[in-house]
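What follows is a short report on a single structure.
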Amino acid sequence: MLGTLISSQPVHIYGAGIAGLILAYRLKKSHVPFTLYEKNRVGGKIATTLTPLGPAEAAASTLYMNISAEKFITDLNIPYLISTPKLKRRIWKEDGPHSVFSLKLLSKGITKIGKKFPLIMEDSTVEEIFYPFLGQELIDELLSSALQGIHGAEAKDLHFLSIFPMAKNKHFKNYLHFFKELKKSISSQKGTIKGSISFPGGMQTLINALYEEVKENIKPVPENFSLTPNTVICTDALDAAELLKDEAPEIAKELQKIEYRPITSFTFFRESEIPELHECFGMLIPQKFKKNLLGVIHQSALFPENYKSHCYNSVNKGILNKEEAILELESVFPKFDPEKIKESKLTQWKRGLPLFNYHRYQAIQNIERKLKKRPGLMLFGNYTKGISIRSMIEDGQTVLNRLNND
Ligand SMILES: Cc1cc2nc3c(=O)[nH]c(=O)nc-3n(C[C@H](O)[C@H](O)[C@H](O)COP(=O)(O)OP(=O)(O)OC[C@H]3O[C@@H](n4cnc5c(N)ncnc54)[C@H](O)[C@@H]3O)c2cc1C
Numbered sequence: 383m384l385g386t387l388i389s390s391q392p393v394h395i396y397g398a399g400i401a402g403l404i405l406a407y408r409l410k411k412s413h414v415p416f417t418l419y420e421k422n423r424v425g426g427k428i429a430t431t432l433t434p435l436g437p438a439e440a441a442a443s444t445l446y447m448n449i450s451a452e453k454f455i456t457d458l459n460i461p462y463l464i465s466t467p468k469l470k471r472r473i474w475k476e477d478g479p480h481s482v483f484s485l486k487l488l489s490k491g492i493t494k495i496g497k498k499f500p501l502i503m504e505d506s507t508v509e510e511i512f513y514p515f516l517g518q519e520l521i522d523e524l525l526s527s528a529l530q531g532i533h534g535a536e537a538k539d540l541h542f543l544s545i546f547p548m549a550k551n552k553h554f555k556n557y558l559h560f561f562k563e564l565k566k567s568i569s570s571q572k573g574t575i576k577g578s579i580s581f582p583g584g585m586q587t588l589i590n591a592l593y594e595e596v597k598e599n600i601k602p603v604p605e606n607f608s609l610t611p612n613t614v615i616c617t618d619a620l621d622a623a624e625l626l627k628d629e630a631p632e633i634a635k636e637l638q639k640i641e642y643r644p645i646t647s648f649t650f651f652r653e654s655e656i657p658e659l660h661e662c663f664g665m666l667i668p669q670k671f672k673k674n675l676l677g678v679i680h681q682s683a684l685f686p687e688n689y690k691s692h693c694y695n696s697v698n699k700g701i702l703n704k705e706e707a708i709l710e711l712e713s714v715f716p717k718f719d720p721e722k723i724k725e726s727k728l729t730q731w732k733r734g735l736p737l738f739n740y741h742r743y744q745a746i747q748n749i750e751r752k753l754k755k756r757p758g759l760m761l762f763g764n765y766t767k768g769i770s771i772r773s774m775i776e777d778g779q780t781v782l783n784r785l786n787n788d
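Laid out in structure tokens, this is it:
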């Protein structure tokens with residue numbers, strides 16, 4: 383999150399998506415008075431529709447775990463489901479699905495792991511840094527596909543230091559050195575739960591649990607927004623810009639520079655399995671094949687306890703209707719039969735995911751500088767540090783640390 387709070391003042395939070403709810407919950411636990419204002423729907427993008435066959439998610443379907451997420455969920459005291467371990471991961475190529483960990487990759491990796499690590503420039507992209515190690519083919523097939531699965535963007539569009547903040551101010555001798563440091567930083571954050579979790583009834587269960595904790599403090603949005611200390615804006619960057627346009631135009635201008643990728647999520651249930659995804663976590667589709675489909679997650683393989691039928695979630699770039707989302711699936715699964723779909727849910731997100739490019743990085747740095755002159759104003763959401771719920775859980779703790787050290 384960006385900015386600081388003043389410890390003696392109550393907190394006004396705008397936006398009750400997962401960021402606003404996490405923050406509100408943390409403040410409640412620390413006995414800091416707060417009010418939470420939501421314009422539309424508590425939970426924001428996280429919304430589950432309960433169908434007779436199981437939960438269908440609109441956006442996030444899993445919470446990737448680490449020690450902070452584990453502490454948070456334990457403290458909240460809700461039952462959770464741990465993802466099935468050792469599911470296979472697939473990558474699509476013209477002739478069908480392939481294993482992610484191919485011999486080709488292993489042989490390339492072994493020969494180039496000792497190669498000199500490029501100098502990290504302030505504006506380096508992920509592609510620029512990994513090109514000497516992977517080459518264009520593996521970047522397109524593997525790295526970009528994996529990044530798309532999380533960020534909805536390819537390696538060439540992602541800013542290296544935003545995706546690997548552990549590399550800031552560091553110099554790596556070679557790729558082996560980098561991977562060792564990356565592993566160290568991930569291991570230091572590891573908890574006891576491996577992989578990711580969901581909840582009985584899906585992600586809405588997490589939202590409901592947080593809502594129960596903070597509901598007494600939720601109020602309708604006041605007609606006139608005023609920037610009283612403390613104000614924390616937990617909307618997306620463009621809604622934050624709208625709120626701040628009169629009272630903090632210099633910050634609003636920076637927020638407007640943050641770009642969003644439109645995303646369509648299509649969740650569907652079938653009685654029969656998609657054979658290509660048997661015992662699979664899911665499949666990624668490299669962008670070089672010029673499809674809208676970015677990937678398919680096999681929800682019922684990950685969390686079988688939640689489902690009475692096979693459930694898949696396909697994630698597409700752009701805004702698609704149901705027919706278009708099905709056409710995308712038919713293009714990668716030749717025997718895909720739409721008649722077999724029993725239930726489905728399509729969600730179109732015009733501002734699906736913030737793009738972690740160099741423009742965002744620069745805007746965030748400028749905002750941080752400007753916020754130094756405005757104690758009592760904070761910005762927090764999936765564009766400020768990391769896209770995932772886990773990252774927002776970690777960041778929510780930062781607010782308290784900063785308040786407690788005040
Ligand atoms: C398809 C998809 C799949 C995803 N999968 C995963 C996943 O598996 N795991 C994961 O960790 N993450 C995942 N994510 C990312 C994650 O879902 C989002 O990053 C997260 O939900 C965003 O939360 P937020 O609170 O930052 O924003 P939002 O959910 O957008 O919430 C912002 C809230 O602010 C409110 N608001 C706006 N303006 C105002 C105003 N003026 N006053 C008051 N309130 C206002 C809005 O109504 C909204 O409720 C996924 C995202 C997408 C799109």
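Be aware that the sequence shown starts at 383, since it is given in the numbering used here, and climbs by one per residue.
The beta carbon of each residue, even a glycine, is placed where N, CA and C say it ideally should be.
Small disclaimer: the values here were computed from a predicted structure and weren't measured.
Can you check DSSP and say which residues form a bridge with residue i?
{"i": "I420", "result": "The question names Ile, but residue 420 is Glu in the sequence shown. For E420, which the question treats as bridged, DSSP gives the partners P602."}
{"i": "R643", "result": "L735"}
{"i": "Q730", "result": "T646"}
{"i": "T430", "result": "E439"}
{"i": "E725", "result": "F651"}
{"i": "T613", "result": "H394, L759"}
{"i": "I579", "result": "L445, I464"}
{"i": "N674", "result": "According to DSSP, N674 bridges with nothing at all."}
{"i": "S696", "result": "F648, V678"}
{"i": "G425", "result": "G399"}
{"i": "I473", "result": "H480, L666"}
Less than 8 Å separating the beta-carbons of residue i and residue j?
{"i": "I775", "j": "S544", "result": "no"}
{"i": "T617", "j": "G397", "result": "yes"}
{"i": "T610", "j": "A707", "result": "no"}
{"i": "K597", "j": "Y419", "result": "no"}
{"i": "L387", "j": "R784", "result": "yes"}
{"i": "Y407", "j": "L588", "result": "no"}
{"i": "G478", "j": "E658", "result": "yes"}
{"i": "L761", "j": "A622", "result": "yes"}
{"i": "S465", "j": "L684", "result": "yes"}
{"i": "L463", "j": "P582", "result": "yes"}
{"i": "S770", "j": "K724", "result": "no"}
{"i": "W474", "j": "V697", "result": "no"}
{"i": "N674", "j": "L637", "result": "no"}
{"i": "N551", "j": "H394", "result": "no"}
{"i": "N748", "j": "D539", "result": "no"}
{"i": "K427", "j": "G399", "result": "yes"}
Could you give the residue range of the beta strand (DSSP E) that holds residue i?
{"i": "L711", "result": "Taken as a continuous stretch (DSSP letters only), L711 belongs to no beta strand (DSSP E), being part of the alpha helix (DSSP H) at 704–714."}
{"i": "G436", "result": "436–439"}
{"i": "N590", "result": "No beta strand (DSSP E) holds N590; the alpha helix (DSSP H) holding it covers 586–596."}
{"i": "L761", "result": "759–761"}
{"i": "K498", "result": "K498 -> no beta strand (DSSP E), and no H or E assigned at all."}
{"i": "L666", "result": "662–666"}
The alpha helix (DSSP H) spanning residue i covers which residue range?
{"i": "N748", "result": "740–753"}
{"i": "V508", "result": "508–520"}
{"i": "I460", "result": "Here I460 belongs to no alpha helix (DSSP H), and DSSP marks it neither H nor E."}
{"i": "S527", "result": "526–533"}
{"i": "P479", "result": "That residue, P479, is in no alpha helix (DSSP H); its beta strand (DSSP E) goes 478–481."}
{"i": "G347", "result": "Residue 347 lies beyond the residue range present for the chain, which begins at 383 and ends at 788; the question has no answer from this structure."}
{"i": "Y557", "result": "557–569"}
{"i": "L625", "result": "619–626"}
{"i": "I545", "result": "542–545"}
{"i": "L387", "result": "Unbroken run through L387: none, as it is neither H nor E."}
{"i": "I633", "result": "631–637"}
Excluding sequence positions up to five away, which residues of its chain have a Cβ less than 7 Å from the Cβ of residue i?
{"i": "K494", "result": "F515, Y557"}
{"i": "E536", "result": "S526, L529, Q530, Q669"}
{"i": "I575", "result": "M447, E452, I464"}
Beta carbon of residue i: closer than 7 Å to some heavy atom of ligand 1?
{"i": "G734", "result": "yes"}
{"i": "C616", "result": "yes"}
{"i": "D539", "result": "no"}
{"i": "S527", "result": "no"}
{"i": "R742", "result": "no"}
{"i": "E517", "result": "A small fix is needed here, since residue 517 is Gly in this sequence, not Glu. Result no, Cβ not under 7 Å from ligand 1."}
{"i": "S647", "result": "yes"}
{"i": "K704", "result": "no"}
Please report whether the beta-carbon of residue i lies at a distance below 8 Å from any beta-carbon of chain B.
{"i": "P415", "result": "As a matter of chain content, chain B is missing from the structure shown, which is built from one protein chain."}
Within the same chain, show all residues whose beta-carbon is closer than 6 Å to that of residue i, passing over the 5 residues directly before and after it, in chain order.
{"i": "E641", "result": "L737"}
{"i": "R742", "result": "I640"}
{"i": "K752", "result": "E632, I633"}
{"i": "L626", "result": "I633, A634"}
{"i": "V678", "result": "G664, M665, Y694, S696"}
Spatial neighbours of residue i within its chain, please: C-beta separation below 8 Å, excluding the five flanking residues on both sides.
{"i": "P604", "result": "Y419"}
{"i": "S506", "result": "P500, H541, F542, L543"}
Quick check: does the Cβ of residue i come within less than 7 Å of any heavy atom belonging to ligand 2?
{"i": "I400", "result": "Ligands displayed in this structure: ligand 1; ligand 2 is not among them."}
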